[in-house]
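Written below as structure tokens is the structure these notes are about.
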């Protein structure tokens, strides 16, 4: 318990490659705000007074700790992390295929940011590429300082600011929101028709009217399908749309809580499609060979850089100092073995059957 208390009271170090931890870093700083004040403003000046004279780093720390504006800015950034960004960043750290949900999630993320500082009438009913067409800097679209979203904990601390500090703070808040929105507008693929069409892979999009969407996806993957296969794909999709799907392929678990609310856990998207791929015709042949070929190649597309970085870490552990000359074939074999063990019998190597199917 003593060790746990010590760990909980240490500052976390933020690095740009671990951006998902930003909220936790700020939360720890705010939690230790009073002890930090005591240490830097009272304790250090008593025991190291001569060393602190004209020390630029110390003066900067002192200025930040004695500023109410700095603390309230940190509280605002924590509000953004906890209420908007953390859910998105944490969710997309998952290893399972999520490329079919990327467009919807990015659209929702951009919408939530705009909803923090723009009037509802200007964003209602907007999604996807339409959000990129909004001129979010027009004065008539802005929420006033009373209604702009800064978080309840942040708003309660406004009384500690002077009138000028408060005006400067809200100006900074608008600049932050405008900066985020500008970055999203320039970088989010909300006008990318290929990413938008990938939503067709979701089980709820099983509709014959969307057949043109799956054809556009097929055409968007270069050198994968030949012309005849794209023609076959249309018929396979229409047949898939009238296929009777076992709900167990979609729903993993259902639970009802004490309040009578039902909570549903869904299977991964690749679990659903693997069951579709195994459907055969009356003579035992695969019923959807072209659809299988297309969707397998789509689901391997990474939805972010988290899984890629995770792969680099695994490779780094495999290629130790005494195995630095491994060939690419050897590394791929080791990764295949690693993934097989991870996904078999709880991830324990001694439970994996050593057979040809591996």
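In the UniProt record's numbering, the protein residues as written are 1 to 358.
Each residue gets a CB set at the ideal place from its N, CA and C atoms; glycine is no exception.
Query, Result
"For residue 2, does the count of other Cβ atoms within 10 angstroms reach 16, so buried, or fall short, so exposed?", "Model confidence at residue 2 stands at a pLDDT of 48, short of 50, so the residue's coordinates are unreliable and nothing is read from them."
"Would you report the Cα separation of residue 248 and residue 200, rounded to the nearest angstrom?", "20 Å"
"If we ignore side chains and look at the alpha-carbon of each, how far apart do residue 6 and residue 68 end up?", "Bear in mind that the predicted position of residue 6 carries a pLDDT of just 49, short of 50, making it unreliable; the figure below should be weighed with that in mind. So the alpha carbons of these two residues sit roughly 27 Å apart."
"So, does the segment 218 to 237 touch the segment 290 to 306, judging by three or more C-beta pairs under 8 Å?", "yes"
"Considering only the beta carbon of each residue, do residue 269 and residue 100 sit closer than 8 Å?", "yes"
"Helix or strand or just coil, what does DSSP make of residue 255?", "strand"
"Just the C-alpha distance for residue 255 and residue 155, rounded to the nearest angstrom, thanks.", "38 Å"
"How would you label residue 23, buried or exposed, when you count the other beta carbons within 10 angstroms and need 16 or more for buried?", "buried"
"Give me the Cβ distance between residue 72 and residue 169, rounded to the nearest whole Å; I'm assuming they're in contact under 8 Å.", "6 Å"
"Find out if the Cβ-Cβ distance for the pair residue 196, residue 128 is shorter than 8 Å.", "yes"
"Compare the beta carbon distance of residue 279 and residue 267 with 8 Å and say whether it is the shorter of the two.", "no"
"Determine whether the beta carbon atoms of residue 89 and residue 26 lie at a separation below 8 Å.", "no"
"To the nearest angstrom, report how far apart residue 97 and residue 218 are at their CA atoms.", "18 Å"
"With three or more C-beta pairs closer than 8 Å as the rule, is the segment 180 to 192 touching the segment 148 to 163?", "no"
"Compare the Cα-Cα distances from residue 272 to each of 281, 257 and 299 and report the closest residue.", "299"
"DSSP on residue 263, reduced to helix/strand/coil?", "strand"
"Going by Cα to Cα distance, which pick from 152, 192 and 116 is closest to residue 176?", "116"
"How about the segment 237 to 245 and the segment 300 to 318: do they share at least three Cβ pairs that are nearer than 8 Å?", "no"
"Suppose you measure from the CA of residue 220 to the CA of residue 212; what does that come to, to the nearest Å?", "12 Å"
"Output needed for residue 65: all residues of its chain with C-beta closer than 7 Å, excluding positions within five of it in sequence on either side, in chain order.", "36, 37, 40 and 41"
"Which first and last residues belong to the alpha helix (DSSP H) in which residue 178 is found?", "163 to 187"
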